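Asker: Input: one structure, supplied below.
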Ligand SMILES: Nc1ncnc2c1ncn2[C@@H]1O[C@H](COP(=O)(O)OP(=O)(O)OP(=O)(O)O)[C@@H](O)[C@H]1O
Ligand SMILES: [Mg+2]
């Protein structure tokens, strides 16, 4: 553990900042954080972010956008080239990885090959010199929770990818730290186990009040699990906000597209709350739209069969179904509008299967003004 | 380990090709062993005649002792140095290096390994006599042989250790720090146990390399530092292959095979223990 000098210094610091620290337990502050590997490889670019104590924060972004690098700087394996990192109110610059109140679930698992599953899970507790009895109970409990207790005596080499991933999860969570960094921790699991562990993780995170920074490529997973999400692109944090905000009101085309399919067009504003789009003239909710881009999510579009459209509504567009992709709970339609513009529509399959539309059928689509979102640029 | 399944004819032709190779590899060894158990006509029935003969030769006993001392001493030192070398090259390698710089660690390790032992031996000889001429220290003898052996063994050990480390997930070391281990704990609880098989394998390799080395030993030996291989060479040079040389060679073969088996047994036991160990 800590040398006597270091622990004394840490305790002194704790005592000095007293209740204030308690309040910020598990808080993460990133101030202007950058990491530049080479002039043409800026992995993290001036990121500013405050993650609240006990929050489930998800980082989303395409491969290579800097998610892992950001986590590595918080964990202490990588030094920022500029900026400050504070964890639980404490500046981290001079704090080595083994003194940070942070545990990591590595993207590559990074299990210890010479130790059994149980010994892997108990490693952190052993390094902290937790008594053997407590170590054993905590290790067993977390292994049961993650359904790996059956392999307790095995070596990592004798496990499947998904089993290894759960060992990596258990090895971090058993320490019940203030902050857990999870780098795509469920990516190797089958759908059912994944859904089960999503629930378990959320439950455990809330129960113990841990702060989670969770990296995933799965936007569905991000929407289901997170309090807030942050979307990254080429090292920059583009947008941060509650799940609903980011999904419903993306601040850029990139964010809109990253969180799911959408219909996006460049628009020109017209007086009277109208916009000129490739689909034609549309009414929108906002009074004075700026020039830029507009978006509507496919599930926000209502579709009616021949003559079924309610009269007198705004933004009713006729078209022909060109493609129907059945996806179980919903069907994805590609509609060609009368002026030739394409429109993507999801429709819930809440009718008898025979009632869904087939390619070639004429339909009317309703784009309610309040569902059209202006993205700005 | 199961390979891909091959057709019957493919398997047959592979066997036909590999059989002569195995015969050429093992037949001479077998022949020597058989000859070593053939007593001279006068001593019919004494299977171990030539072995007993060896035991009665003080020269052979002394050479054997020397070889063993040299092999154990040099491989202990060579393993220690080689381990540090392999660990250092791994730990301080520049992962972002390109081209020549990225090849540097392997170059440092491989150059002494691929160097012909004749060249190695001669350069050691020249080096030692230069030092001796200049300072009067390091006269040719067991010490110079020992230094030369340590020098050529260390890169082999380094290679084994480096290969083991390179095959591991580098995040593993970070994971140990993430789980509260400081540098000392990480070295003790992770690095050492993880490379232990490589260290032991490297030691046994160094031992076998040392015990049967002739070329380098020959050039660095001095008066009174005759090891077994040198003894065998000079005996053969003097009076041709005599039956007691067969016995001696057989003993050396047995030593080398024994060392190999030891290495195998060790790694196998380890794996089994790891599998069977119940959760903590
Ligand atoms: N040690 C390094 N040296 C040089 N470049 C690096 C290094 N580590 C990462 N990078 C670069 O930094 C960028 C960000 O990498 P990072 O691993 O953070 O991406 P990521 O968002 O985690 O991607 P993924 O989703 O594929 O895991 C990448 O372009 C990568 O090539
Ligand atoms: Mg990553």
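Protein chains in written order, with our numbering: chain A, 1 to 377; chain B, 1001 to 1280.
The beta carbon of each residue, even a glycine, is placed where N, CA and C say it ideally should be.
Since the structure is predicted, the reported quantities are computational estimates derived from the model, not experimental observations.
Can you name the residues of chain B whose CB is closer than 8 Å to the CB of residue 75/A?
Answerer: 1174 and 1178
Asker: Bridge partners of residue 183/A, per DSSP?
Answerer: 215/A
Asker: Of the choices 1085/B, 1211/B and 1174/B, whose alpha-carbon is the least far from that of residue 105/A?
Answerer: Looking at the Cα atoms, 1174/B is the closest of the given residues.
Asker: Examine ligand 1 and report whether any of its heavy atoms sits within less than 8 Å of the Cβ of residue 63/A.
Answerer: yes
Asker: Kindly list, in the order they appear in chain A, the residues whose Cβ is closer than 7 Å to that of residue 1181/B.
Answerer: 98 and 127
Asker: Against chain A, with Cβ distances strictly below 9 Å, would residue 1055/B count as a contact?
Answerer: no
Asker: In the DSSP assignment, the alpha helix (DSSP H) including residue 234/A goes from what residue to what residue?
Answerer: Run containing residue 234/A: none; DSSP gives neither H nor E here.
Asker: Helix, strand or coil for residue 1037/B per DSSP?
Answerer: coil
Asker: Please confirm whether residue 1165/B has its beta-carbon closer than 9 Å to some beta-carbon of chain A.
Answerer: no
Asker: What does residue 110/A reach in chain D if we use C-beta pairs closer than 8 Å?
Answerer: The displayed structure is made up of protein chains A and B, and chain D is not among them.
Asker: Run through chain A and tell me which residues come within less than 7 Å of residue 1193/B, C-beta to C-beta.
Answerer: 114
Asker: Under the rule that 16 or more other beta-carbon atoms within 10 Å means buried, what is residue 255/A, buried or exposed?
Answerer: buried
Asker: Is it buried or exposed for residue 192/A, if we count other Cβ within 10 angstroms and need 16 for buried?
Answerer: exposed
Asker: Going by the beta-carbon positions, is the gap between residue 99/A and residue 211/A smaller than 9 Å?
Answerer: no
Asker: Starting from residue 270/A, follow the beta strand (DSSP E) in both directions and report where the run begins and ends.
Answerer: First-last of the beta strand (DSSP E) with residue 270/A: 263-270.
Asker: Which first and last residues belong to the alpha helix (DSSP H) in which residue 1124/B is found?
Answerer: 1117-1135
Asker: Where does the unbroken beta strand (DSSP E) through residue 120/A begin, and where does it stop?
Answerer: Premise fails: residue 120/A lies in the alpha helix (DSSP H), 117-127, not in any beta strand (DSSP E).
Asker: State yes or no: is the C-beta of residue 215/A nearer than 8 Å to some heavy atom of ligand 1?
Answerer: Yes; taking the cut-off as 8 Å, the Cβ of residue 215/A has a heavy atom of ligand 1 nearer than that.
Asker: With residue 198/A as the anchor, note down where its alpha helix (DSSP H) starts and where it stops.
Answerer: 191-208
Asker: List the residues of chain B that residue 161/A touches, going by C-beta distances under 7 Å, in chain order.
Answerer: Neighbours of residue 161/A on chain B: none; closest Cβ ~13 Å, over 7 Å.
Asker: If we call anything under 9 Å between Cβ atoms a contact, is residue 1149/B one with residue 1216/B?
Answerer: yes
Asker: Can you tell which of 35/A, 42/A and 47/A has the C-alpha that lies nearest to the C-alpha of residue 29/A?
Answerer: 47/A
Asker: Ligand 2: which residues have Cβ under 6 Å from any of its heavy atoms, chain order?
Answerer: 67/A, 68/A, 107/A and 183/A
Asker: Let's see if you can read the secondary structure: which residues bound the beta strand (DSSP E) around residue 54/A?
Answerer: Neither: residue 54/A is in no beta strand (DSSP E) and is coded neither H nor E.
Asker: Residue 1011/B: buried (16+ other C-beta within 10 angstroms of its C-beta) or exposed?
Answerer: exposed
Asker: Please go through the same chain and pick out, in chain order, the residues whose beta-carbon is closer than 8 Å to the beta-carbon of residue 134/A, but skip the five residues on each side of it.
Answerer: Within its own chain, the residues whose Cβ lies closer than 8 Å to the Cβ of residue 134/A, once the five positions on either side in sequence are excluded, are 125, listed in chain order.
Asker: How about residue 1046/B: is its C-beta nearer than 9 Å to some C-beta of chain A?
Answerer: no
Asker: Tell me the DSSP secondary structure of residue 1257/B in three-state form.
Answerer: It is helical.
Asker: Taking just the CA atoms, how far does residue 1018/B sit from residue 1024/B?
Answerer: Rounded to whole angstroms, the gap between the alpha carbons of residue 1024/B and residue 1018/B is 10 Å.
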